[in-house]
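If you count the sequence shown from 1, position 86 lands on 86 in full-length UniProt numbering, and the numbers rise without skipping. The C-beta atom is built at its ideal place from N, Cα and C for all residues, glycine as well. Let me begin by presenting the structure, written as structure tokens, before commenting on it.
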Amino acid sequence: MDGGLMRAAQQCLDVLPARWQDDPAVQHERQLIDAAHLTWTLQQSGSSIFNRGRGADSGVLPIEIRLAADLYELIKCILDRQPQGYKKPRIVKEIANKLRGVNESKGLRNLGVGSVSDAFVTGLLLDAATAQRDYSAAYEFARQLGNARTVLDQALKAVEAYRSAQLLHEARVGIERPVEVRAVEQAWTACVRLADAWGDSSGVGEKRLEVISLALSLCPTGKIPELLKLWNQVQTDVLDSRADVLLPWVESASAEASILDVMVGSQHEVAEDQGQRSVAGESVDFESMRTFDPAIIKSSLRQASDSHTRCGLLMEWLEFAMTTAKEPKTDKAAAYKARVEAEIVQKHTAKACKVLADKVVLQLDQTNYFAMETFYAFLARCLERNGDSEGAEQAGVRSELARGIRRC
Numbered sequence: 001m002d003g004g005l006m007r008a009a010q011q012c013l014d015v016l017p018a019r020w021q022d023d024p025a026v027q028h029e030r031q032l033i034d035a036a037h038l039t040w041t042l043q044q045s046g047s048s049i050f051n052r053g054r055g056a057d058s059g060v061l062p063i064e065i066r067l068a069a070d071l072y073e074l075i076k077c078i079l080d081r082q083p084q085g086y087k088k089p090r091i092v093k094e095i096a097n098k099l100r101g102v103n104e105s106k107g108l109r110n111l112g113v114g115s116v117s118d119a120f121v122t123g124l125l126l127d128a129a130t131a132q133r134d135y136s137a138a139y140e141f142a143r144q145l146g147n148a149r150t151v152l153d154q155a156l157k158a159v160e161a162y163r164s165a166q167l168l169h170e171a172r173v174g175i176e177r178p179v180e181v182r183a184v185e186q187a188w189t190a191c192v193r194l195a196d197a198w199g200d201s202s203g204v205g206e207k208r209l210e211v212i213s214l215a216l217s218l219c220p221t222g223k224i225p226e227l228l229k230l231w232n233q234v235q236t237d238v239l240d241s242r243a244d245v246l247l248p249w250v251e252s253a254s255a256e257a258s259i260l261d262v263m264v265g266s267q268h269e270v271a272e273d274q275g276q277r278s279v280a281g282e283s284v285d286f287e288s289m290r291t292f293d294p295a296i297i298k299s300s301l302r303q304a305s306d307s308h309t310r311c312g313l314l315m316e317w318l319e320f321a322m323t324t325a326k327e328p329k330t331d332k333a334a335a336y337k338a339r340v341e342a343e344i345v346q347k348h349t350a351k352a353c354k355v356l357a358d359k360v361v362l363q364l365d366q367t368n369y370f371a372m373e374t375f376y377a378f379l380a381r382c383l384e385r386n387g388d389s390e391g392a393e394q395a396g397v398r399s400e401l402a403r404g405i406r407r408c
């Protein structure tokens with residue numbers, strides 16, 4: 001085998017008596033042969049390693065497979081020498097299974113992430129695809145990781161235990177990192193490299209945010225601020241690309257009327273003050289909405305005679321409420337603020353909620369983690385109410401991260 005004569009090596013094992021065929025050492029040799037053959041199949045050529053002799057260029061040599069001290073470094077080496085190998089993920093995962101001594105062919109049946117080892121290999125495939133600028137393939141590998149929450153959650157528990165052990169034994173040198181720790185590190189760093197390399201290509205902003213969200217859920221606490229900066233940069237690009245679709249603010253007149261009922265009182269109350277309203281086109285002081293005083297808010301809204309202006313005032317108030325360090329001074333004002341927020345969540349259309357959120361995100365102080373926690377929790381409720389479960393999940397992740405940082 002070490003000389004590259006795979007068929008001869010297999011024949012040597014075949015002639016052994018039947019009682020030796022189940023011996024662990026024999027099984028190990030067969031698995032090494034299978035792994036070497038699978039490695040060969042990653043090449044573009046359709047020929048078989050069984051038909052090659054000495055000197056054949058198989059990327060990673062059989063002797064290297066036998067002597068490899070680290071399975072995952074070997075997989076990385078295989079992908080480095082076979083740049084297109086990531087296009088055959090089933091084979092790569094099966095190589096890892098063979099070298100781990102796993103006899104089942106699960107790796108050839110599906111592309112799911114069913115174990116920590118699968119997660120590690122998927123992270124390596126993600127890196128390999130990113131290196132070849134095949135960002136679509138890399139994104140699919142990232143999605144596989146994102147869908148394997150059970151596996152990753154178990155790995156994160158092992159990571160926390162390892163970090164705790166490190167804190168207790170800071171003086172110890174050369175503590176071996178468990179495979180769970182390495183798999184999680186490979187996953188989040190590969191996601192960051194993909195998000196960085198993907199650039200500003202049109203239409204990929206939301207996917208980049210999804211990848212960064214996965215990285216944020218796996219990375220160490222100390223890396224969160226750095227990744228949040230990357231998130232903010234990408235999110236700003238996404239919002240800029242939506243600038244041409246920010247109007248109209250509201251799609252549904254009933255949603256608008258419902259919010260106005262809450263903000264200025266009943267329709268009868270509005271009618272009584274009809275004489276106090278400004279005529280269409282008259283300028284309105286948007287700065288007056290930057291308060292928690294119900295009387296001032298009602299007065300400002302009554303001055304607006306068209307829906308565009310009213311919605312603009314609502315935008316101004318929500319931006320202020322979500323980004324200011326101030327709080328309502330009275331219980332009545334606090335209750336009024338909560339009532340308006342709840343009404344926006346329940347009655348506003350999906351498009352209007354998105355516009356409101358985009359407006360706030362552009363102004364949100366990302367160093368104010370309390371404001372971030374509050375806003376993203378609010379945004380998650382908006383998106384969940386309007387059926388955007390994926391967006392709600394991402395907003396929820398950001399809210400939890402902000403809360404975690406704030407408590408550190």
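- Here R208 is buried: its Cβ has 16 or more other Cβ atoms, across all protein chains shown, within 10 Å.
- In the three-state scheme derived from DSSP, where H, G and I count as helix and E and B as strand, T291 is classed as coil.
- Annotation: S115 is outside any alpha helix (DSSP H) and is labelled neither H nor E by DSSP.
- Of the other Cβ atoms in all chains shown, fewer than 16 fall within 10 Å of the Cβ of I296; this residue is therefore exposed.
- Counting along the chain, T189 sits inside the alpha helix (DSSP H) bounded by residues 179-198.
- By the C-beta density criterion, L67 is exposed, having fewer than 16 other C-beta atoms within 10 angstroms.
- Burial of A128 is indicated by the presence of at least 16 other C-beta atoms within 10 angstroms of its C-beta.
- In this model, A197 and W231 are separated by some 14 Å (Cα to Cα).
- The criterion of a C-beta distance shorter than 7 Å is not satisfied by E176 and A155.
- K298 sits in a helix when the DSSP states are folded into three classes.
- By the criterion of a C-beta distance shorter than 8 Å, V238 is surrounded in its chain by G205, E206, L209, once the five residues flanking it on both sides are discounted.
- P62 is not a Cβ neighbour of A96, given a cutoff of 7 Å.
- In the three-state reduction of the DSSP assignment, C219 falls in the coil class.
- In this structure G391 is buried. Its beta-carbon is surrounded by 16 or more other beta-carbon atoms within 10 angstroms.
- With fewer than 16 other Cβ atoms from the protein chains shown falling within 10 Å of its own Cβ, E226 counts as exposed.
- Residue E185 holds the alpha-carbon nearest to the alpha-carbon of K223 among Y139, E185, D331.
- When the beta-carbon positions are compared, R81 and V113 stay at least 7 Å from each other.
- Between I91 and T41, the CB-CB gap stays under 7 Å.
- Rounded to whole angstroms, the gap between the alpha carbons of L124 and C191 is 11 Å.
- Within 10 angstroms of the beta-carbon of G85 lie 16 or more other beta-carbons, which makes it buried.
- Our two residues, Q235 and D285, have alpha carbons roughly 29 Å apart in a direct line.
- In the DSSP assignment, L79 falls within the unbroken alpha helix (DSSP H) covering 71-81.
- Taking all protein chains shown into account, D331 has fewer than 16 neighbouring C-beta atoms within 10 Å of its C-beta and is therefore exposed.
- Boundaries cannot be given for L42, as no alpha helix (DSSP H) includes it and DSSP labels it neither H nor E.
- The C-alpha of R339 is placed about 35 Å away from the C-alpha of G146.
- A distance below 8 Å between beta-carbons, with the five flanking residues on each side excluded, links R100 to the following residues of its chain, in chain order: L71, S117.
- By the C-beta density criterion, K326 is exposed, having fewer than 16 other C-beta atoms within 10 angstroms.
- For Y139, the enclosing alpha helix (DSSP H) covers residues 135-147.
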